[in-house]
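Here the structure comes first, spelled out in structure tokens, and everything after it is commentary.
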Amino acid sequence: MWAVFPQGSQNWLVQMGDSHIEFFPSIIMAAADQHYDELYKVVLVGDPGVGKTNLLAYFTASDDEMAIDTSTNASKIFSNVRKPTIGVEFGTKIITHPNGKRIKAQIWDTAGQERYRAITSSHYRRAAGALIVYDVSSRTSFDNAQSHWLKELRNSADTNSTLLSCLMLVGNKIDLALDPSVQVVAEEDHDAAVAAAGDVLGTRASAKTGQNVVEAFEKLIIEVYNQDKARNAKPVDVPAAAAVDLSAPAAQKKKNNCC
395 MWAVFPQGSQ
405 NWLVQMGDSH
415 IEFFPSIIMA
425 AADQHYDELY
435 KVVLVGDPGV
445 GKTNLLAYFT
455 ASDDEMAIDT
465 STNASKIFSN
475 VRKPTIGVEF
485 GTKIITHPNG
495 KRIKAQIWDT
505 AGQERYRAIT
515 SSHYRRAAGA
525 LIVYDVSSRT
535 SFDNAQSHWL
545 KELRNSADTN
555 STLLSCLMLV
565 GNKIDLALDP
575 SVQVVAEEDH
585 DAAVAAAGDV
595 LGTRASAKTG
605 QNVVEAFEKL
615 IIEVYNQDKA
625 RNAKPVDVPA
635 AAAVDLSAPA
645 AQKKKNNCC
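Just so you know, we're using our numbering here: the sequence shown kicks off at 395 and counts up by one.
Here it is as structure tokens:
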């Protein structure tokens, strides 16, 4: 069963099943869209308050919204007031691959509270990539990114046949490193965590100033595309040519009744 209710400036479609509820922004159902060659779903995960929603807001913002407000030293789209995400937020953006292909990313953001775990399972479904976000000023969120969120993503990929070919560890709020009164996770610790994970990309960013935000999303999306194409590139099976013994006499042609 489906129901529609307003949430902020957009409507949400709600699918109510026997054991769960799934939220879908009504924008998903829009038929008309800009041209793109490939479509991938990317998810954002991490503890509450690490800045997932602000990262998504900056990446999908207009150039004007990305501009820095000199009175606050923050982008216009940034909000210092943390508003917990209710259910799932959704954004889209089209980027251009170096090969000229246009890639559309559907980016899903969900709250990290345990009470939304039922929504989280559908949040991962059919995802091709994920950004695991932590707050550089919170050692707990950094530890949870490795011990909980990374593990949960990999478990979900195993149980739900989710692609999740690319993962990226993102240390958000690096603007706080400029404040000597704030203790932040060292860059060396971040790099060590990425190396220990083995197959995870990594970067540090600031949703407040926009530093490395666009680059992080684009790097992940392009890598998702590259791995998808490499995975689906099937080698052409060319049968080996039959060996011919040039020293042997030519086989005598058999007579037949055909004219």
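Here a beta-carbon is modelled for each residue, glycine too, at the ideal position from N, C-alpha and C.
Source: prediction; values computed, not measured.
The distance from the Cβ of residue 561 to that of residue 547 is about 6 angstroms, consistent with a contact at the 8 angstroms cut-off.
Under DSSP, residue 625 forms no beta bridge with any residue.
By the Cβ neighbour-count rule, residue 493 is exposed, with fewer than 16 other Cβ atoms within 10 Å of its own. With a cutoff of 9 angstroms on beta-carbon distance, residue 434 and residue 622 are scored as near each other. The DSSP-derived three-state label of residue 430 is coil.
For residue 541, the closest alpha carbon among the candidates 568, 581, 591 is that of 591. DSSP places residue 534 inside the alpha helix (DSSP H), whose first and last residues are 533-538. With contacts defined as CB atoms closer than 9 angstroms, residue 565 and residue 597 qualify as a contacting pair. Contact between the region 608-621 and the region 484-504 is present: three or more C-beta pairs spanning the two stretches fall below 8 angstroms.
DSSP places residue 588 in the uninterrupted alpha helix (DSSP H) bounded by 581-591. In the DSSP assignment, residue 597 falls outside any alpha helix (DSSP H) and within the unbroken beta strand (DSSP E) covering 594-598. In this structure, residue 450 lies near residue 485, with their beta-carbon atoms less than 9 angstroms apart. Nearest in C-alpha terms to residue 500, of all of 567, 614, 464, 627, is 614.
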